[in-house]
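Chemist: This is the structure, below, for whatever I ask next.
In the working numbering, the protein residues as written are 3 to 206.
Next comes the structure, spelled out in structure tokens:
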């Protein structure tokens, strides 16, 4: 249920930065040029870096959730179109430049990384939930890519685990503008409280 955000409602919040890896967010880096182009056009990396800085300054966790299939794809199953394309293109795989975090995020040593080798959503087959529990987190601020699949998937998984969910809309992007607009207008408000990064930084 959407709620009015206050400083108190973010007191135990963590920032989740989903799949902001080079291949997904940097045009020319290889995997999904539509998504990367939208991420660049919307300027999400710059806003994310500022939001992450605000979370760190407030003593709240910043967690990068990534997909990094093994080079031999052991444990990875191409059981849907998007995972099939990921394997066929071979750009997002361990040891390749495409799996690295976007350098514009300016990740700090205090930040955490939750990495999976298969699946479409960040809680799948990872220790993300336990990490959040151990840090006393009750609210996740979801950012990154993509609003087509990864962001709503992350929201659903967080809700199923009892977390409150906020989406920083101006820190997200979809594979094309119309898909992003549909999701942030019709789908994500049913799952999360929608906010801007500026609003969130002011409350931290």
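No residue lacks a Cβ here, since even glycine has one placed at the ideal position from N, Cα and C.
1. Using alpha carbons as the reference points, say which of 202, 69, 14, 187 lies closest to residue 124.
2. Indicate the three-state DSSP secondary structure (helix, strand or coil) for residue 20 in the structure shown.
3. From residue 85 to residue 135, what does the alpha carbon distance come to, in whole angstroms?
4. Looking only at its chain, what residues have a beta carbon closer than 8 Å to the beta carbon of residue 126, apart from the 5 residues adjacent to it on each side?
5. Consider the C-beta atom of residue 19 and the heavy atoms of the ligand MG; say whether any pair is separated by less than 8 Å.
6. Helix, strand or coil: how does DSSP classify residue 132 here?
7. Measuring straight from C-alpha to C-alpha, what distance separates residue 144 and residue 187?
8. If I follow the unbroken alpha helix (DSSP H) through residue 153, where does it start and stop?
Modeler: Inspection of the coordinates gives the following:
1. Among 202, 69, 14, 187, the Cα nearest to that of residue 124 is on 69.
2. In the structure shown, residue 20 sits in a strand (DSSP, three-state: E or B).
3. Residue 85 and residue 135 have their C-alpha atoms spaced approximately 29 Å apart.
4. The answer, listed in chain order, is 118, 120, 159.
5. Questions concerning the ligand MG fall outside what the structure shown contains, since it holds no ligand whatsoever.
6. Residue 132 carries a helical assignment under DSSP once its states are collapsed to helix, strand and coil.
7. Note on geometry: alpha-carbon atoms of residue 144 and residue 187 lie some 16 Å from one another.
8. Its alpha helix (DSSP H) spans residues 152-162.
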